[in-house]
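Residue numbers (our numbering), protein chains in the order written: chain B, 1 to 361; chain C, 1001 to 1502.
From the three backbone atoms N, C-alpha and C, an ideal C-beta is built for every residue, glycine too.
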């Protein structure tokens, strides 16, 4: 099944990093996988990772698509999520009574906001051909002020029952709501990929926009579309984040998460230069980053030093995964294989029958 | 003719996973010799070159440069030893000036004397007759001029061996002759030149010796004067030589008075072609002839709306239609195989399968993806039909040879079953065997009722396949030739006449 092998080869990196982290954690304490029931819900290291990584996973999916089509990254995602969630919070707070309906309308409003923000970035990138990072720098710089204007600088608190349930658990369901929402989102993305040509179009545009255009694909539309999808991703991530926190903090909500999202895309084995991509890789990458954060905490590293350790880990990871090291490894692997092959075969005279047969064909 | 050997390669072998690219190949280059390296795509020419220049390491064998064994690990080492290489694809920096491109990375001093560099560049450009200014940005030069600058760069290095890998594929005849003059000049100076090309005439015009490779094995080394063209072709192809002269073109199925499949009036595009009229009948094969830059490609691109359409009126089978984007053209049954295979045709990292189904998939729609199984069926069907050499349909297209990539693009269009298919230079830079296959395919498709436009820089190819030739000069149609016994001279006359009438 060489076919199968090829399909998972790009997942080797994120999966091996994950395995390494698990080993480190098991050495630290054998109770790593222990899951306990607290108030009718699962708690433990694994549920914590799944819970903590929710927003990052969702944003990494959007980042993968934007990277694939536009060959660049959107650095405004954390800020966009802050704006969309500000809209959500404002709508919920002005309601006299918070019902499920209020929450859903508020969420849909934040999705519309996300689409508008995505359209803004998307227009700059696809129509005006601004580099994605520069285009999204505009929102990155000014976005938090916009969020301030919407939420009235008051860091409003979401003190209602439904938000509480979304942020933690729904009684009777043993899994945190954020984990369920993330799973549903991933499932929807999977369905979208199954029922549309999104992958083929995005990859074609990312690899060769000229060829895409001559074969009837409009690269501008596809790049714009990926930014719209990113807009939805920021709305969902903002929704989860603000319900988790219980209040809207325009300064710190999902601060600098774009760095982790870009990293997740890279760990997932994707080229940041666009083209072929793996959503699965990015998702695993996102969970790996969360796992790394929590591993460093579990190892009781001085909180002031945690970022240094994270940086060192990532440097090692990126060097190991770099094309230079990969080429070196595969070269030596080939050499080893051919050495084994030649030592197992008897050296004979050069066969001429091969040529004759080829000519006869 | 037995002068000193400068480069000798003995029993060179090189394998890639699953392929033996070179199998005990010998090669000898003498001082002051132009040595043509011939073979089909995949015969091992490029691999041999890359072994010489240190891009690849050989698995086995011995290379001696002027009697001294060498073992290059990096291209830079080969360059330092006086081996200069010019590749088919231009490997220069388009955003730097001409002079910077010629001298970049040469000097060991951290400082640059701009004035001196520009003067030196101007001198060299002048002596080679290259129409470019040293301070001009490279991107503003035509592809042909860029190619000549790349050659100038290699020549300027104090070189003993110059390797030219398909240097002429983007040059027009005049420029080719300038290049040949340059090659002869270098030959006089004692430089050994290895010359790779697909143009047989050029081999006979300029080379002294020919080495033929086939399937990674050495067929033999011959003196050019003692090997006839037909012998050379048969050595390159093995015994599967198709007699190209057996190809027979035929007249369109219906008469001129019937409604054409495609009819364009006063078409023009942003690429700057003068408004022109053009029509093609069912089952007709026509060609656009003209020199490089005459507007052949621009015209067919205007038909397909590959460039921004600025005016004109289009009728398909008599019905007025709007074609403003490539998608419109595809929907109305027009296909276009672009001239620039790498830049406009292939989607390099995608599989052969995805490359084949791409356009049909776009036609079917964003929300209706083919199942993997269906896609594989389509891909396998055309891999078989067009005899595409690829390990599997899942292989990335970039790892195929040029000729096979071109077949994949052809498959992509044939799958959409177009009524009118435009092939812009489908035979450029591919091996003789595939060239013949493509010409046969064109005639075969036409006999089944497809209308085709076939453009080639090699006029004979068009004479063999087209029943009508539209002659262009200076972005204008200057004449039209039809008939079965046209010759190259007829075309040349029309081009020359077209100039006089103006």
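Anything in chain B within Cβ reach of residue i, meaning under 7 angstroms, just list it in chain order.
| i | result |
| --- | --- |
| residue 1336 of chain C | 214 |
| residue 1348 of chain C | 207, 208 |
| residue 1139 of chain C | The premise fails here: residue 1139 of chain C is roughly 16 angstroms from chain B at the closest Cβ pair, so nothing lies under 7 angstroms. |
| residue 1021 of chain C | Result: empty, since nearest Cβ-Cβ is about 13 angstroms, beyond 7 angstroms. |
| residue 1306 of chain C | 214 |
| residue 1027 of chain C | The premise fails here: residue 1027 of chain C is roughly 17 angstroms from chain B at the closest Cβ pair, so nothing lies under 7 angstroms. |
| residue 1367 of chain C | 195, 196 |
| residue 1330 of chain C | 216 |
Please compile the residues from chain B whose C-beta is within a distance smaller than 9 angstroms of the C-beta of residue i.
| i | result |
| --- | --- |
| residue 1015 of chain C | 334, 338 |
| residue 1429 of chain C | Within chain B, no residue comes near residue 1429 of chain C; the closest Cβ sits about 17 angstroms away, beyond 9 angstroms. |
| residue 1343 of chain C | 208, 210, 211 |
| residue 1049 of chain C | The contacting residues do not exist; residue 1049 of chain C stays about 20 angstroms from chain B at best. |
Taking just the CA atoms, how far does residue j sit from residue i?
| i | j | result |
| --- | --- | --- |
| residue 120 of chain B | residue 206 of chain B | 20 angstroms |
| residue 1302 of chain C | residue 1423 of chain C | 14 angstroms |
| residue 1371 of chain C | residue 1357 of chain C | 11 angstroms |
| residue 1376 of chain C | residue 1347 of chain C | 17 angstroms |
| residue 215 of chain B | residue 327 of chain B | 33 angstroms |
| residue 329 of chain B | residue 336 of chain B | 10 angstroms |
| residue 291 of chain B | residue 1060 of chain C | 48 angstroms |
| residue 1189 of chain C | residue 1456 of chain C | 35 angstroms |
| residue 1181 of chain C | residue 1102 of chain C | 20 angstroms |
| residue 212 of chain B | residue 1344 of chain C | 8 angstroms |
| residue 1169 of chain C | residue 1272 of chain C | 24 angstroms |
| residue 1119 of chain C | residue 1137 of chain C | 16 angstroms |
| residue 1340 of chain C | residue 1064 of chain C | 38 angstroms |
Buried or exposed: residue i, going by 16 or more other Cβ atoms within 10 Å of its Cβ?
| i | result |
| --- | --- |
| residue 1115 of chain C | exposed |
| residue 111 of chain B | buried |
| residue 107 of chain B | buried |
| residue 1354 of chain C | buried |
| residue 31 of chain B | exposed |
| residue 1266 of chain C | exposed |
| residue 1269 of chain C | buried |
| residue 1485 of chain C | exposed |
| residue 1160 of chain C | buried |
| residue 1494 of chain C | buried |
| residue 1027 of chain C | buried |
| residue 1383 of chain C | buried |
Ordered along the chain, which non-local residues of its own chain (more than five positions away) have a Cβ less than 7 angstroms from that of residue i?
| i | result |
| --- | --- |
| residue 1491 of chain C | 1289, 1459, 1469, 1471, 1481 |
| residue 240 of chain B | 54, 55, 178, 181 |
| residue 125 of chain B | 70, 132, 135, 223, 227 |
To which residues of the same chain is residue i closer than 6 angstroms at the C-beta, ignoring the five residues directly before and after it?
| i | result |
| --- | --- |
| residue 163 of chain B | 243 |
| residue 1240 of chain C | Per-residue confidence for residue 1240 of chain C stands at a pLDDT of 45, beneath the threshold of 50, marking its modelled position as unreliable; the derived number appears in the next sentence. Excluding positions up to five away in sequence, the list is empty. |
| residue 1086 of chain C | 1150, 1151, 1154, 1164, 1167 |
| residue 63 of chain B | 261, 265 |
| residue 1175 of chain C | 1144 |
| residue 1420 of chain C | 1261, 1262, 1334, 1451 |
| residue 1475 of chain C | 1273, 1274, 1295 |
I want to verify the contact list: residues of chain A whose CB lies under 8 angstroms from the CB of residue i, in sequence order.
| i | result |
| --- | --- |
| residue 1432 of chain C | The structure shown contains no chain A; its protein chains are B and C. |
So which residues of chain B does residue i contact, with C-beta pairs closer than 8 angstroms?
| i | result |
| --- | --- |
| residue 1326 of chain C | 213, 214, 215, 216 |
| residue 1361 of chain C | 197, 200 |
Strictly below 8 angstroms CB to CB, what residues from chain C border residue i?
| i | result |
| --- | --- |
| residue 275 of chain B | 1349 |
Provide the residue span of the alpha helix (DSSP H) that contains residue i, from first to last.
| i | result |
| --- | --- |
| residue 1447 of chain C | 1432-1447 |
| residue 320 of chain B | 306-321 |
| residue 1206 of chain C | 1200-1206 |
| residue 177 of chain B | 177-195 |
Starting from the beta carbon of residue i, find every residue of chain C whose beta carbon is closer than 7 angstroms, and list them in chain order.
| i | result |
| --- | --- |
| residue 226 of chain B | Chain C residues near residue 226 of chain B: none, gap ~13 angstroms exceeds 7 angstroms. |
What are the boundary residues of the beta strand (DSSP E) that residue i is part of?
| i | result |
| --- | --- |
| residue 68 of chain B | First-last for residue 68 of chain B: 54-70, but that is the alpha helix (DSSP H), not the beta strand (DSSP E). |
| residue 1119 of chain C | Per DSSP, residue 1119 of chain C belongs to no beta strand (DSSP E); it is in the alpha helix (DSSP H), 1114-1128. |
| residue 1321 of chain C | 1319-1321 |
| residue 1451 of chain C | 1451-1455 |
| residue 258 of chain B | Residue 258 of chain B -> not in any beta strand (DSSP E); alpha helix (DSSP H) instead, spanning 257-267. |
Under 9 angstroms Cβ-Cβ, which residues of chain C neighbour residue i?
| i | result |
| --- | --- |
| residue 203 of chain B | 1347, 1349, 1350, 1354 |
Excluding the 5 residues preceding and the 5 following residue i in the sequence, name in chain order all residues of the same chain whose CB lies nearer than 8 angstroms to its CB.
| i | result |
| --- | --- |
| residue 154 of chain B | none |
| residue 1021 of chain C | 1014, 1015, 1044, 1047, 1216 |
| residue 301 of chain B | 309 |
Is it the case that the CB of residue i approaches a heavy atom of the ligand FMN more closely than 7 angstroms?
| i | result |
| --- | --- |
| residue 1325 of chain C | By its list of ligands, the structure shown contains no ligand whatsoever, and the ligand FMN lies outside what it can speak to. |
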